[in-house]
Structures are given as C-alpha cells and as structure tokens.
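Visitor:
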Amino acid sequence: MFYRDERLALFIDGSNLYAAAKALGFDIDYKLLRQEFMRRGKLLRAFYYTALLESEDYSPIRPLVDWLQYNGFSMVTKPAKEFVDSMGRRKVKGNMDIELAVDAIELAPHVDHMVLFSGDGDFRPLVEALQRRGVRVSIVSTTRSQPPMIADELRRQADNFIELDELKDVIGRSPREMEPEPVVQE
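The numbering used here puts the first residue of the sequence shown at 232, with every later residue one more than the last.
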C-alpha cells in the first residue's frame, strides 16, 4: 500500500535484483522503475548498490552504472575483491549490505516509506530497526523463482511484500543479448 503524499526512498541491492529478474526471465528497465515509484509517492532518493570489478579493462555493468548516475539514481559502489577458492576457482566478493543499511538508517528520519529491492534475509534486522523509527518498509523480490529469492524471515518482517513478477509488465523488458551483470558471491 502506497500513499501519494508519503516520502519514498528506494534501496536497490543490484546483484540481488539482477538475479531475481534473471530467474524470472526479464531485465529491469530502470527508467520505468523510477517512474513507477515516482507515481506511487514523493520519491526523494533511489539508491543502487553494486560492487565493481576494477581489475578488468571493461566491466559489463559500467554502462548501467553510468546511465543510472545520469538519470536520478544515487550510486553506491565499491571495488569487488577477487580471490581463488580452495578448489582453484576464481571467485568475486563484493557485499554491499553494510553500506545499504547505514544509508537507510541515516535517511530514516526524512522518509515515510522505504522500498528495499532484495530478498536477502540479512536485511531483516534493518527492516525491524526502520520500523521502530516509524518508517514503513516494502520488500520487492520473488517467491516465483526456484528456489524463491526472498528469505521467509525478511518477508514476514516487512510491512508489505511486492512480488517482482507482478511488476514485470510495468518495469520489465525482454532480456538483452549482451553480457550480463556479474553476480557477486557473498
């Protein structure tokens, strides 16, 4: 439930939203996403969190990051860390949970409703803390993927759960034939 006069902020866990949309077979059109939530309330901020591989000459996510920065999104990035696991496989780690949580707590006094685009159960204590401060919290993720991308404890804590698959016609587009955003291992 959204109210036209409430102050909104969006917090997008980039790798989590990317994985959820991919599991549902579509890409996110971020221009449409921003427009949709501007329609639902007074959108104060739209944050997008992602780790970037700085060691590569070209990052497939760089055009998206640049576009978002020029089109009303507050980008929060940090270098991803590459390592080789015990099996000799190349792994990438770039968890942005702390950055997102700090920003949400700092912004809480200025908003009525926060929308978190993530199904990560690690965010349950953040949602609870925001609610204690009088902020309503909606979670956007999916139960329709196999396995579901939303942690049950996060869904239960939220004031509202928005099924990403039900937003497909509003904020989605067909997957592109280009290299996808790298999914960061946490």
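Glycine included, each C-beta is placed from N, C-alpha and C at the ideal position.
If you're wondering where the values come from, they're calculated on a predicted model, not measured in any experiment.
1. With distance defined between alpha-carbon atoms, name the residue in SER349, ARG404 and GLU397 nearest to ILE243.
2. Would you kindly report the start and end of the unbroken alpha helix (DSSP H) that includes ASN247?
3. Nearest-angstrom Cα distance between PRO356 and PRO406?
4. Tell me, to the nearest whole angstrom, how far the beta carbon of VAL342 is from that of LEU239; I am working on the premise that it is less than 8 Å.
5. Under DSSP, the beta strand (DSSP E) around VAL307 begins and ends at which residues?
6. Kindly indicate the opening and closing residues of the alpha helix (DSSP H) around VAL371.
7. Rounded to whole angstroms, what's the CA-CA distance from LEU283 to ALA252? Just pull it up for me.
8. Quick one: residues in its chain with C-beta nearer than 6 Å to the C-beta of TYR279, no 5 flanking neighbours on either side, listed in chain order?
9. Is the stretch 328-347 touching the stretch 311-318 in the sense that three or more CB pairs, one from each, lie closer than 8 Å?
10. Quick check on ILE381: does DSSP put it in helix, strand or coil?
11. For my contact list, THR373 and LEU347 are in at a C-beta cut-off of 8 Å; report their separation, rounded to the angstrom.
12. Look at the alpha carbon of GLY365 and the alpha carbon of GLU359, and state the distance between them as a whole number of angstroms.
13. Here's a check: name, in chain order, each residue in its chain whose Cβ is nearer than 7 Å to the Cβ of SER376, leaving out the five neighbours to either side.
14. Ends of the alpha helix (DSSP H) at PHE392?
Guide: According to the structure shown:
1. The residue with the shortest Cα to Cα distance from ILE243 is SER349.
2. Counting along the chain, the unbroken alpha helix (DSSP H) around ASN247 starts and ends at 245-255.
3. Linking PRO356 to PRO406 through their CA atoms gives a straight-line distance of about 33 Å.
4. Confirmed, Cβ separation roughly 7 Å.
5. 305-310 is the extent of the beta strand (DSSP E) around VAL307.
6. Judged by DSSP secondary structure, VAL371 falls outside any alpha helix (DSSP H) and instead within the beta strand (DSSP E) spanning 367-372.
7. Distance between the alpha carbons of LEU283 and ALA252: 20 Å.
8. Same-chain partners within the cutoff: ILE243, GLY245, LEU299, PHE304 and MET306.
9. The stretch 311-318 is not in contact with the stretch 328-347.
10. Shown here, ILE381 sits in coil according to DSSP, grouped into three states, outside any helix or strand.
11. About 14 Å separates the CB atoms of THR373 and LEU347; that is not less than 8 Å, and the two are not in contact.
12. Distance from the CA atom of GLY365 to the CA atom of GLU359, rounded to whole angstroms, is 10 Å.
13. Correct list, in chain order: ALA251, ALA254 and LEU255.
14. Counting along the chain, PHE392 falls outside any alpha helix (DSSP H), though it belongs to the beta strand (DSSP E) covering 391-394.
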